[in-house]
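Student:
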Amino acid sequence: QSPYQCTVCRKSFSSSSNLLQHQRSHATKKTYKCMQCGKSFSRISALTQHQGVHRGERIFECSNCGDRFTRSSSLIIHGKTHEGEKPLVCTQCSRHFNRASELVAH
Numbered sequence: 033q034s035p036y037q038c039t040v041c042r043k044s045f046s047s048s049s050n051l052l053q054h055q056r057s058h059a060t061k062k063t064y065k066c067m068q069c070g071k072s073f074s075r076i077s078a079l080t081q082h083q084g085v086h087r088g089e090r091i092f093e094c095s096n097c098g099d100r101f102t103r104s105s106s107l108i109i110h111g112k113t114h115e116g117e118k119p120l121v122c123t124q125c126s127r128h129f130n131r132a133s134e135l136v137a138h
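Quick note: the sequence shown uses this note's numbering, first residue 33, plus one each step.
(1) Go through its chain and collect everything with a Cβ distance to residue 130's Cβ below 6 Å, but skip five positions before and after it.
(2) Contact defined as beta carbons within less than 8 Å: I believe residue 104 pairs with residue 92. What is the distance between those atoms, to the nearest angstrom?
(3) Just to confirm before moving on: does the CB-CB distance between residue 120 and residue 135 stay below 7 Å?
(4) Please determine if the stretch 61-75 and the stretch 40-53 are in contact, where contact requires at least 3 C-beta pairs separated by less than 8 Å.
(5) Can you find the residues in the same chain that come closer than 6 Å, C-beta to C-beta, to residue 109, ignoring five residues on each side of it along the sequence?
(6) Answer with buried or exposed for residue 70, where buried requires no fewer than 16 other C-beta atoms within 10 angstroms of its C-beta.
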């Protein structure tokens with residue numbers, strides 16, 4: 033689990049700066065709405081980045097190995113594998129895995 037958690041929505045972040053940026057979104061009017069899923073954003077740049085998820089764009093790149101992801105949260109989870117962590121947990125037996133494919137196969 034990430035060490036920085038939003039007190040409003042309980043979302044976790046890997047750094048205090050990411051948490052601070054996120055917390056501002058709770059105080060800011062969200063005027064930019066995604067027409068595909070209805071999610072709203074306070075910045076047009078955030079909406080544009082979000083829309084890439086619907087198109088399957090992999091814009092988040094791992095600086096260690098070059099793997100790319102559609103969501104920043106997936107990149108954060110992936111990054112932990114380079115640190116030797118196994119962030120994915122089986123809900124049936126509590127075994128930990130590095131990769132989603134390993135968890136699914138298990």
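Every residue, glycine too, gets a C-beta built ideally from N, C-alpha and C.
Treat the numbers as computed from the prediction; the structure is a model and nothing was measured.
Tutor: According to the data block:
(1) Only 113, 118 meet the Cβ criterion.
(2) With 8 Å as the limit, residue 104 and residue 92 qualify as a contact, their Cβ atoms being about 5 Å apart.
(3) Contact flag set, yes.
(4) Touching, no.
(5) Hits under 6 Å: 119.
(6) Looking at its Cβ environment, which holds fewer than 16 other Cβ atoms inside 10 Å, residue 70 is exposed.
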